[in-house]
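In my numbering, the protein residues as written are 336 to 436.
Written out as structure tokens, the structure reads:
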């Protein structure tokens, strides 16, 4: 059985010009493990999904191909949201710039 999440990991990794080795290093696994995910041999554990999403700056719903919301965000909007969520230390500055505070 081939797991489709691997093709999405590969797509987002390549969009960011990242090698399997670089992704593996960022999330603390071997590059062969990333390769196995991308080939659909196996899939990442649930606890790895958030690390992968942070490294690739992608929303978990997109990586897992889940539509839990009726909001249809563009790719750029999803990337901005994911980056905002992954950079807690910068959230206050963003809110100030957007005059939300």
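Every residue gets a Cβ at the ideal spot worked out from N, C-alpha and C, and that includes glycine.
{"Asked": "Can you tell me the Cβ-Cβ gap for residue 345 and residue 391, rounded? I've got them flagged as a contact below 8 Å.", "Found": "That belief does not hold up - the Cβ atoms of residue 345 and residue 391 are roughly 10 Å apart, past 8 Å."}
{"Asked": "For the stretch 387-422, list the alpha helix (DSSP H) runs that are entirely contained and at least 4 residues long, ordered along the chain.", "Found": "395-398, 410-421"}
{"Asked": "Roughly how many angstroms lie between the CA atoms of residue 393 and residue 368, to the nearest whole one?", "Found": "19 Å"}
{"Asked": "Measuring CA to CA, which of 434, 395, 381, 422 is closest to residue 410?", "Found": "395"}
{"Asked": "Where residue 361 and residue 373 are concerned, what is the direct C-alpha to C-alpha distance, given to the nearest angstrom?", "Found": "16 Å"}
{"Asked": "When the Cα of residue 351 is compared with those of 388, 434, 371, which residue comes out closest?", "Found": "388"}
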